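K.L.:
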Amino acid sequence: MAKQFLISFVLLITMGTCPLFALPTKQELIIEGVKVNGIPVGGKSYAELLKILDHQEKKIINKKITVHIPEVTKTEFISYEKAGIEIDKERIWSAASSIGKGGNWWSRAWLRWQVQRRGYDIPLYLKLDKGKAFHTLHTLAKPWRKEPQDARLMVTRNDKVVILPEIEGRSIPVPVVLEELENKVKISGSEPIALTLTFQREKPSRTAKDLQDYKITGLIAKFSTQFNPANINRSDNIRLAALALDNFFLKPGQQFSFNEIVGPRTKEAGYNEATIIQNNEFVSGVGGGVCQVSTTLYNTVLRANLKIIERSPHSLIIPYVEPGLDATVVYGYRDFKFLNNTEGCLIIKTVVYQNTITCKIYGLERPEQKVVIKSFQEKVIEPKTIYREDPTVPKGQYIVEKKGSRGWVIRVERHIYRNGQLVYSEVISRDLYPPVHRIIKTFSAEDLEISQPTETPSSGVPASLYCPQVAPVV
């Protein structure tokens with residue numbers, strides 16, 4: 001060992017102090033006495049050295065790296081070849097061929113004599129193909145990776161909300177292991193290589209504590225309406241719009257916009273043609289049925305005691321809800337908006353099953369509170385009769401072109417009870433549903449007596465007792 005150190009020291013001095021020192025060319029020969037990992041290479045050329053090293057490389061490629069994973073009491077083995085470990089041939093050639101080539105004549109002669117007499121053994125230097133090593137380590141680590149799972153809210157069959165706790169994830173930090181392997185390859189030589197893989201913990205982004213702060217404990221309101229499932233186009237539109245609302249999350253103070261969430265009702269978005277109301281008439285249009293979704297949600301929001309920001313009634317009475325409790329929406333023109341004015345978060349759930357759409361809102365339960373919605377008919381407006389002269393109609397006869405229908409003024413109120421006592425009442429809306437005038441075609445208006453309609457005041461009876469539910473489903 002002392003002899004080896006002495007030669008190494010002389011090599012360092014002569015190579016470092018001689019300004020004429022130059023790297024040897026690949027045509028030169030290694031001086032006698034030089035060994036690589038105990039194998040004599042004196043008198044060998046670059047090509048001959050490579051052959052020797054190639055032979056050595058075939059011996060080491062199947063050597064194994066021992067990989068310990070203590071947390072799961074597992075030991076794996078990786079071959080040098082798969083790990084990308086190779087003999088660093090250029091480094092060995094540079095080291096071997098430089099011996100005795102630097103310094104003045106005296107120092108070269110003295111060093112050659114020392115090497116030939118005592119020998120000089122160069123380690124079997126190794127190098128690492130980092131790309132190959134990373135791929136192998138990543139493949140090894142992948143089965144042991146567990147993705148972190150956020151805490152979740154789960155709704156039970158009885159509409160209670162329970163919190164499923166978060167689950168911590170784990171992974172093996174491959175770049176760190178790669179750096180450790182690279183360092184061990186540099187100093188290992190022929191020594192065995194062993195790695196210890198330690199899991200890195202990965203925290204979920206949402207914890208059970210976070211969900212507790214949401215203050216969502218159970219169902220606070222729900223409402224259902226029915227539709228005709230035989231009307232395929234309209235039913236599909238209802239399902240598509242309801243799906244856009246399902247699982248929508250609303251923070252305290254956040255405003256909800258139906259049009260923003262559901263988006264444009266176009267054929268490109270998947271909506272079909274079905275019956276809509278346009279210019280006080282039932283016609284065919286893209287997106288028919290979406291208003292039933294907004295209406296169902298509106299009634300749920302009323303019963304959740306949330307603040308209404310924007311809502312518009314239809315111009316005609318619709319059959320799936322009482323007058324005054326509908327909410328029409330037209331993308332880019334009429335929206336339904338409300339505010340989460342509670343102290344906790346809200347979740348909207350929608351379910352379409354058979355002939356029913358149901359909207360549910362989950363939030364902070366208030367068992368002591370009850371919300372009652374009432375609608376009242378304030379006024380009945382009789383339709384006018386409009387005569388249109390038509391020379392094709394025989395004299396003294398007439399044709400009813402449009403039957404017409406009454407109009408209504410409807411008032412909707414919300415009453416809040418706590419522990420059975422009324423604590424608050426408010427008028428939510430007062431809506432006008434204009435009458436549809438009767439149109440009669442006749443040869444001459446003078447042939448018929450013209451009678452004008454009258455307005456009938458109401459004593460505030462519930463609207464459901466008076467308003468006919470005969471309009472087409474829209």
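First residue of the sequence shown: 1, per full-length UniProt numbering; consecutive thereafter. C-beta: ideal position from N, C-alpha, C; glycine also. The structure displayed is predicted, hence computed values, not measured ones.
#1: Pairs of beta-carbons, one from the stretch 396-413 and one from the stretch 425-438, closer than 8 Å: are there three or more?
#2: If I'm right that phenylalanine 443 touches valine 393 with Cβ under 8 Å, what's the distance once you round it to whole angstroms?
#3: Straight-line CA distance for phenylalanine 21 to lysine 101?
#4: At what residue ranges does the stretch 125-170 contain a whole run of the alpha helix (DSSP H), taking only runs of 4 or more?
#5: Quick one: what's got a C-beta closer than 6 Å to phenylalanine 199's C-beta in the same chain, skipping five residues either side?
#6: Nearest CA to the CA of glutamate 310: which residue from Ser79, Gly396, Phe256?
#7: For leucine 219, which residues in the same chain have their Cβ closer than 7 Å to its Cβ, ignoring the five residues on either side in sequence?
#8: Entirely within the stretch 28-82 and at least 3 residues each: give me those beta strand (DSSP E) ranges in chain order.
#9: For serine 205, does the three-state DSSP call read helix, strand or coil?
#10: Note down the Cα distance separating glutamate 57 from glutamine 149, rounded to an integer number of angstroms.
#11: Quick one: using the 10 Å Cβ neighbour count with 16 as the cut-off for buried, is residue 501 buried or exposed?
#12: Can you give me the start and stop residues for the beta strand (DSSP E) that threonine 356 sits inside?
#13: Give every residue of the same chain whose Cβ lies closer than 6 Å to the Cβ of residue 475, excluding the five residues on either side of it in the sequence, and list them in chain order.
#14: Who does phenylalanine 223 pair with in a DSSP beta bridge?
#15: Can you look up glutamine 212 in the DSSP assignment and give me helix, strand or coil?
#16: Use the C-beta contact count for serine 284: other C-beta atoms within 10 angstroms, 16 or more gives buried, fewer gives exposed.
#17: Could you pull out every residue in the same chain whose Cβ sits closer than 6 Å to the Cβ of glutamate 86, ignoring the five residues on either side in sequence?
#18: Is the distance from the Cβ of residue 477 to the Cβ of glycine 270 below 8 Å?
#19: In its own chain, which residues sit with a C-beta less than 6 Å from the C-beta of glutamine 452, not counting the 5 before and 5 after it?
#20: Give the straight-line distance between the Cα atoms of lysine 109 and aspartate 54, rounded to the nearest whole angstrom.
#21: Could you tell me the alpha carbon to alpha carbon distance between leucine 178 and leucine 49, rounded to whole angstroms?
#22: For proline 165, collect the residues of the same chain with a Cβ closer than 7 Å to its Cβ; drop the 5 residues on either side in sequence, then sort them by chain order.
#23: Using C-beta distances below 6 Å, list every residue in its chain close to alanine 194, excluding the 5 sequence neighbours before and after it, in chain order.
P.N.:
On the basis of the coordinates in this document:
#1: yes
#2: On the sequence shown, position 443 is the one that residue 443 refers to. On the sequence shown, position 393 is the one that residue 393 refers to. Sure, about 5 Å apart at Cβ, within 8 Å.
#3: Here residue 21 refers to the residue found at position 21 when the sequence shown is read from its first residue. Here residue 101 refers to the residue found at position 101 when the sequence shown is read from its first residue. Residue placement at phenylalanine 21 cannot be trusted, given a pLDDT of 39 that sits under 50; the coordinates are not used to answer.
#4: 130-141
#5: Numbered from its first residue, the sequence shown carries residue 199 at position 199. The answer, listed in chain order, is Glu71, Arg170.
#6: Residue numbering aside, residue 310 sits at position 310 when the sequence shown is read from its first letter. Among Ser79, Gly396, Phe256, the Cα nearest to that of glutamate 310 belongs to Phe256.
#7: Residue 219 sits at position 219 when you count from the first residue of the sequence shown. Within the same chain, Cβ atoms closer than 7 Å to the Cβ of leucine 219 are found at Asp159, Lys360, Tyr362, the five residues on either side in sequence being excluded.
#8: 34-36, 64-69, 74-79
#9: Sequence index remark: in the sequence shown, residue 205 carries index 205 (1-based). Three-state result, serine 205: coil.
#10: Along the sequence shown, one-based indexing puts residue 57 at 57. Along the sequence shown, one-based indexing puts residue 149 at 149. Between the alpha carbons of glutamate 57 and glutamine 149 lies a gap of roughly 46 Å.
#11: For the chain, the structure presents residues 1 to 474; residue 501 sits outside this window and is missing.
#12: Looking up residue 356 in the sequence shown gives position 356. It spans 356-363 - the beta strand (DSSP E) in which threonine 356 sits, taken as one unbroken run.
#13: Outside the shown range of the chain, which is 1 to 474, sits residue 475, and nothing can be said about it.
#14: Against the sequence shown, residue 223 aligns to sequence position 223. Residue pairing by DSSP places phenylalanine 223 opposite Cys359 in a beta bridge.
#15: Here residue 212 refers to the residue found at position 212 of the sequence shown. Glutamine 212 falls in the helix class under three-state DSSP.
#16: Reading the sequence shown from its first residue, position 284 is the one you call residue 284. It counts as exposed.
#17: Here the question's residue 86 lines up with position 86 in the sequence shown. So the list reads Lys127, once near-sequence residues are dropped.
#18: Absent from the structure is residue 477, since the part of the chain shown begins at 1 and ends at 474.
#19: In the sequence shown, counting from the first residue as 1, residue 452 sits at position 452. Legend: pLDDT at glutamine 452 = 45, less than 50; position of this residue unreliable, value from coordinates given subsequently. If we look at glutamine 452 and ignore the five residues flanking it on each side, it has no Cβ neighbours.
#20: Position 109 of the sequence shown, counted from the first residue, corresponds to residue 109. Position 54 of the sequence shown, counted from the first residue, corresponds to residue 54. Just to set this straight, residue 109 is alanine in the shown sequence, not lysine. Their Cα atoms are separated by approximately 31 Å.
#21: Along the sequence shown, one-based indexing puts residue 178 at 178. Along the sequence shown, one-based indexing puts residue 49 at 49. Whole-angstrom Cα-Cα distance: 30 Å.
#22: Your numbering for residue 165 matches position 165 in the sequence shown. Closer than 7 Å at Cβ, skipping near neighbours: Ala151, Ala208.
#23: Indexing the sequence shown from 1 puts residue 194 at position 194. Excluding sequence neighbours, alanine 194 sits near Thr66.
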